[in-house]
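Engineer: Quick one: structure below, then a few questions.
In my numbering, the protein residues as written are 332 to 454.
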């Protein structure tokens, strides 16, 4: 007997209710690696969105536990939210990290702060 949309909605709701505590666990895990200015409520909202989408698209026949699937979807939703709210592109962030690494290398090897001329050589 095929599942009705009411059955599917009931199953989605049950998955969401059962795994709701996972949202706070995922947010806490991700938040620990972020600057303090990042709003926890925004992360929670994104994770909830990921949980809803996971419940809607979950296929138990694939053999993946829902908690693992939902965790991946929630982390992805949080990363999408962070990327969307970031003023800098990935390439700008990569360039900044590269310059920071060069400054730390030059400053450490010379036992003094790196100079602008030394940094420009690493570009």
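Think of the CB as a built atom: it goes at the ideal place given N, C-alpha and C, for glycine as much as any other residue.
So, are the CB atoms of residue 344 and residue 377 less than 7 Å apart?
Structural biologist: no
Engineer: Could you tell me the boundaries of the alpha helix (DSSP H) in which residue 381 lies?
Structural biologist: Segment 371–388, the alpha helix (DSSP H) holding residue 381.
Engineer: Output needed for residue 340: all residues of its chain with C-beta closer than 6 Å, excluding positions within five of it in sequence on either side, in chain order.
Structural biologist: none
Engineer: In whole angstroms, give me the CA-to-CA distance for residue 362 and residue 348.
Structural biologist: Their Cα atoms are separated by approximately 23 Å.
Engineer: Does DSSP put residue 407 in a helix, in a strand, or in coil?
Structural biologist: helix
Engineer: Taking just the CA atoms, how far does residue 356 sit from residue 403?
Structural biologist: 12 Å
Engineer: Give the straight-line distance between the Cα atoms of residue 374 and residue 433, rounded to the nearest whole angstrom.
Structural biologist: Those two C-alpha atoms are separated by around 32 Å.
Engineer: At the level of alpha carbons, what is the spacing between residue 367 and residue 354?
Structural biologist: About 19 Å.
Engineer: First and last residue of the alpha helix (DSSP H) that includes residue 395?
Structural biologist: Element bounds for residue 395: n/a, residue is neither H nor E.
Engineer: So, with DSSP's three-state summary, where would you put residue 363?
Structural biologist: It is coil, neither helix nor strand.
Engineer: Ignore the nearest five residues each way along the sequence and tell me which others in residue 442's own chain have a CB closer than 6 Å to its CB.
Structural biologist: Only weak support exists for where residue 442 lies, its pLDDT of 49 falling under 50; the value from the coordinates is given anyway. Excluding sequence neighbours, residue 442 sits near nothing in its chain.
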